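For reference, the structure is listed below as structure tokens.
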Amino acid sequence: MTILKVSDLTRNFGGLCAVNNVNMEIDEQELIGLIGPNGAGKTTLFNLLTGVYEPSSGKIELNVDGQMKSIGGMKPYAVTRLGLARTFQNIRLFKDLSVLDNVKIAMHKNIKYGVLAGIFRLPAFYAEEEKVEKEAINLLKIVRLDHKKDEFAKNLPYGEQRRLEIARALATHPKILFLDEPAAGMNPQETGELTALIHEIKEKFKVTIILIEHDMSLVMSICERIYVLDYGKCIASGSPEQIKNHPRVIEAYLGEEI
Amino acid sequence: MTVFFQQLINGLSLGSIYALIALGYTMVYGIIKLINFAHGDIYMLGAYFGFLAITYLHVGFFPAILISMALCAILGVVIERIAYKPLRNATRIAALITAIGVSYFLEAGTQQVMGTSVRAFPQVLNNQVFNIAGLRITEQQIYIFVTTIVLMLILQFIVKKTKIGRAMRAVSTDSDAARLMGINVDATISITFAIGSALAGAAGVLVGIYYSSINPLMGMLPGIKAFIAAVFGGIGIIPGAMFGGFFIGICEAIVSGYGGSLFKDAVVYIILIVILVIKPAGLLGKNVKEKV
Amino acid sequence: MKKMLNKANLYWLLFCVGGYALLMGLMSAGIIDAVNQTVIQTIIVNIILAISLNLIIGITGQFSLGHAGFMCVGAYSAGVMLKQIGGLNGFFIGILIGMVINAVLALIVAIPTLRLKGDYLAIATLGFGEIIRIIVLNMDITNGAAGLVLPRVVDFTILFVFMVVALLIVVNFTRSAAGRACISIREDEIASEAMGINTTKYKVIAFVIGALIASWAGALYAGNFYVINPGMFTYSKSIDILVIVVFGGMGSMTGSVISAVVLGFINSFLQSFSNMRMIIYGLALVMIMVFRPSGLLGTREFKFSSLFKRFTKKKEASQ
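Protein chains in written order, with the numbering used here: chain A, 53 to 310; chain B, 4 to 295; chain C, 6 to 324.
Set out below in structure tokens:
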């Protein structure tokens with residue numbers, strides 16, 4: 053079943069067309085790779101899908117309870133509430149807060165007590181907070197950070213910060229998880245662990261995952277389908293095998309064949 | 004209609020003074036992102052320096068302005084070195100509190116040394132009045148306006164055409180990159196403070212001549228209004244500050260001219276809020292969205 | 006209910022009651038003289054102001070310089086009602102009216118301006134604060150620039166109770182889901198929004214709660230100090246409150262309380278130096294910021310629970 057449908061999506065910045073007529077159709081629980089040279093518009097596409105930018109034209113539709121709903125131009129928090137979550141290319145953790153608080157904050161949309169219940173400490177407050185704490189620790193266990201729950205996020209090593217960002221995104225209970233260069237700055241061993249983690253998450257949470265990545269070994273080993281962007285245009289899509297041998301992809305990465 | 008044009012002329016003099024102060028705000032903000040709350044007090048001290056120079060050295064208009072500008076420049080640099088430099092990497096709000104501390108210190112210090120009372124500013128210009136088409140223009144107003152324009156032209160020349168101006172622009176865009184390119188960032192910041200403070204000093208002398216009275220707290224309100232002028236035009240942008248200064252001055256004069264002097268400050272704030280709501284980066288500012 | 010009566014909360018309760026009893030005892034025994042009583046009353050009003058501003062600036066990260074305006078509304082609502090109705094009844098009706106006006110004003114201010122960032126927000130809120138003051142200055146019912154002379158209807162008990170309630174509200178809010186949302190806005194607005202938090206909504210909520218509590222402070226001031234006039238509520242007042250917050254550490258309520266106490270006594274001590282007072286105060290601000298730019302406590306809080314942890318750790322170590 054289609055969960056996300058992008059049709060003729062375009063975004064201009066002044067004279068620059070960062071994303072140009074992109075079409076995508078993504079099924080439930082697929083693991084999609086999004087690759088392309090630097091400046092191809094991958095992150096801009098993520099930003100369009102997650103509501104950070106408004107599309108100049110085109111449509112983004114998300115499957116909400118069996119109905120396709122247009123989400124283009126919705127605010128990021130509203131998009132997240134509908135089930136899209138993301139990590140950032142330049143890590144954007146809440147640096148001066150504890151690892152646990154980072155995750156708890158992301159659980160906000162599922163907390164069922166209001167401002168007044170919080171101020172007056174009504175029973176709902178205690179019940180929900182207990183639940184939140186439990187779930188947050190569970191999520192941290194999955195990314196193997198539960199032993200560091202009281203550490204400041206800024207004090208974690210780089211690889212762990214990336215994992216914490218994934219846990220934080222999962223805490224919003226997403227249907228689709230967007231990972232923006234999750235393996236950037238990791239060594240081969242960490243990348244290997246990350247690959248296993250992504251698989252684990254996909255199995256456990258039944259989410260659709262879309263990831264931007266430059267590490268081709270990671271992309272080719274885990275992605276079921278790959279979209280290739282170049283100069284804002286989608287130049288190819290298909291299985292890893294098809295992409296590897298696609299003449300336009302080779303051209304985009306290696307320059308024109310002589 | 005005469006009232007309107009008359010207030011326009013009065014507003015130009017008032018606006019000149021706001022614009023000169025606003026330039027200092029905007030330059031300092033542009034380069035180290037600090038709202039220099041003490042800037043209004045440097046303007047106040049500029050008035051006192053002018054007052055002392057005229058009273059005790061018996062100098063005329065131009066020497067008084069130059070002396071005041073020089074002393075204010077030195078003062079600005081000293082304040083920057085002692086109070087602001089240690090906080091360059093601290094949070095902006097910490098730097099802001101420091102500026103407030105400096106402001107209290109300068110105000111109270113002046114009260115201690117010069118007394119709290121209002122002083123009469125000696126008249127160094129002939130108070131000749133020209134009547135043109137039913138409008139009243141005083142010689143002082145002409146001096147104020149012309150001095151302001153000349154100072155702005157000099158400033159524009161320094162910023163756009165000289166090496167130090169290029170360094171200032173480089174530091175305000177990215178001080179780390181500027182440092183890597185061999186620019187002496189500390190010296191550049193000092194010079195920025197010197198120029199900004201000198202302009203405030205000039206404004207102080209001009210306002211002393213215009214209103215012929217000075218007091219140690221005279222810097223507070225014009226300081227805030229000049230800051231508003233800077234924000235109005237787009238803070239960090241030099242032409243924005245000039246434009247904002249003139250605009251605020253003229254608005255204030257016109258509101259007073261039509262009998263709203265009790266509300267003239269409120270009008271300034273309302274204009275500010277309206278502009279910020281419509282165009283959050285100020286009139287000439289560019290809206291920069293943070294990169295994700 | 007059981008969870009509410011945990012050890013830490015019980016200690017806080019004891020701490021408050023004990024503090025109240027101690028101060029009350031010292032006052033009635035005459036050990037705290039009239040001058041120092043006034044200092045304590047000022048400190049309590051300042052604590053309420055500081056924690057309410059800290060909620061906006063320290064917790065939510067929204068730089069507001071218009072707090073004096075909200076205090077002004079609270080003070081005049083209570084003052085006018087004290088004149089019209091009189092007595093404690095008038096005072097409490099005044100507080101309610103002040104809260105209603107402030108809630109409306111805070112919404113009017115917040116919705117357009119909270120889109121602004123940093124210094125732009127600061128100057129816009131400063132403008133709003135001044136507009137409120139100028140309106141009060143030009144009204145008849147407020148008696149213009151001369152202000153109002155009022156009877157004293159507030160005693161130490163009322164001041165203390167309001168302070169404790171304000172602290173409870175702010176601290177509990179900060180430690181709830183809404184408070185976490187506010188903190189995440191301070192830390193990184195873009196990430197916060199990406200985590201499903203309606204940032205505008207929480208900025209407005211924090212701003213409104215801050216404004217409501219500031220209106221209490223204003224009312225208490227009016228009910229306690231006999232005189233109010235518009236000159237007391239200029240932007241310099243907002244800056245004074247800001248100084249307390251920054252000095253204590255932005256984001257730390259404990260810090261705000263300690264800082265209000267310390268600055269209150271420093272101020273009263275410097276009173277005898279008249280003109281030198283502001284010189285020393287100014288220098289002190291510069292020194293504090295140069296040597297401790299994150300304030301006394303940073304974002305740390307005093308907690309009984311961490312005190313227990315320390316004790317138990319020490320015991321374990323000694324065994």
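Built from N, CA and C at the ideal position, the CB exists for glycine as well.
As the structure is a prediction and not an experimental result, all values here were calculated from the model.
Counting C-beta atoms within 10 angstroms of its own C-beta, E255 of chain A has fewer than 16 neighbours from the protein chains shown and is therefore classed as exposed. Judged by DSSP secondary structure, V50 of chain C falls within the alpha helix (DSSP H) whose first and last residues are A39 to N59.
Spanning the alpha carbons of G254 of chain C and H160 of chain A requires a straight line of approximately 26 Å. A Cβ-Cβ contact shorter than 7 Å links A93 of chain B with P298 of chain C. With a cut-off of 8 Å on Cβ pairs, the segment 228-242 of chain B is not in contact with the segment 211-219 of chain B, counting fewer than three such pairs. Look at G124 of chain A: its C-beta is not under 7 Å from any C-beta on chain C. Cβ atoms of M221 of chain B and M30 of chain B stay farther apart than 8 Å, at about 22 Å. For I98 of chain C, same chain residues with a beta-carbon under 7 Å away, outside a window of 5 residues either side, are M86 and I90 in chain order. At least one beta carbon of chain C lies nearer than 7 Å to the beta carbon of Y272 of chain B.
Non-local beta-carbon contacts of V80 of chain B in its own chain, meaning distances under 6 Å to residues more than five positions away in sequence, involve S193, F196 and A197 in chain order.
According to the DSSP assignment, Y279 of chain A belongs to the beta strand (DSSP E) that extends over R277 to D282. The continuous beta strand (DSSP E) containing R138 of chain A extends over residues L136 to R138. At least one beta carbon of chain A lies nearer than 7 Å to the beta carbon of M200 of chain C. Listed along the chain, the chain B residues whose CB falls inside 9 Å of the CB of L58 of chain C amount to none; the nearest CB is some 12 Å away. At a Cβ-Cβ threshold of 7 Å, V155 of chain A and A223 of chain A count as neighbours. According to DSSP, residue pairing for E77 of chain A in a beta bridge involves A:K57. Contacts between V248 of chain C and chain B, judged by CB atoms closer than 8 Å, involve I100 and I103 in chain order.
Residue pairing for Q10 of chain B: DSSP places it in no beta bridge.
Bridge partners of M159 of chain A according to DSSP: none are assigned.
Under the Cβ distance rule, P225 of chain B does not count among the residues neighbouring chain C, no pair being separated by less than 7 Å. The contact set of F65 of chain A on chain C, defined by CB atoms closer than 7 Å, is empty, because the minimum CB distance reaches about 18 Å. Beta bridge pairing from DSSP links S200 of chain B with no other residue.
Close CB contacts of G168 of chain B within its chain, under the 6 Å cut and outside five residues either way in sequence, are with I161 and V162 (chain order). When the beta-carbon positions are compared, F64 of chain B and F124 of chain B stay at least 7 Å from each other. Taking 7 Å as the cut-off, the Cβ atoms of R214 of chain A and I84 of chain A do not count as close. Interface flag for K161 of chain A against chain C is set, since a Cβ pair is found closer than 7 Å.
At least one CB of chain C lies nearer than 7 Å to the CB of R173 of chain A. Judged by DSSP in its simplified three-state form, L263 of chain A adopts strand.
Leaving aside the five residues that flank D232 of chain A on each side, the residues in its chain whose CB is nearer than 7 Å to its CB run, in chain order, T95, F98, R138, T139, F140, Q141 and I264. A straight-line Cα-Cα distance of about 48 Å links A221 of chain A and I139 of chain C. If you check each beta-carbon in the segment 112-127 of chain B against every beta-carbon of chain C, the ones closer than 9 Å belong to G112, Q114, Q115 and T119. Rounded to whole angstroms, the separation of the alpha carbons of L27 of chain C and Q46 of chain C is 15 Å.
Below 8 Å, too few C-beta pairs join the segment 109-123 of chain C and the segment 263-276 of chain C to call them touching: fewer than three.
For L173 of chain C, the secondary structure class from DSSP, reduced to helix, strand or coil, is helix. By the neighbour-count criterion, in which 16 or more other beta carbons inside 10 Å mark a residue as buried, L74 of chain B falls on the buried side.
Burial state of R300 of chain A is exposed, judged by a 10 Å Cβ sphere holding fewer than 16 other Cβ atoms.
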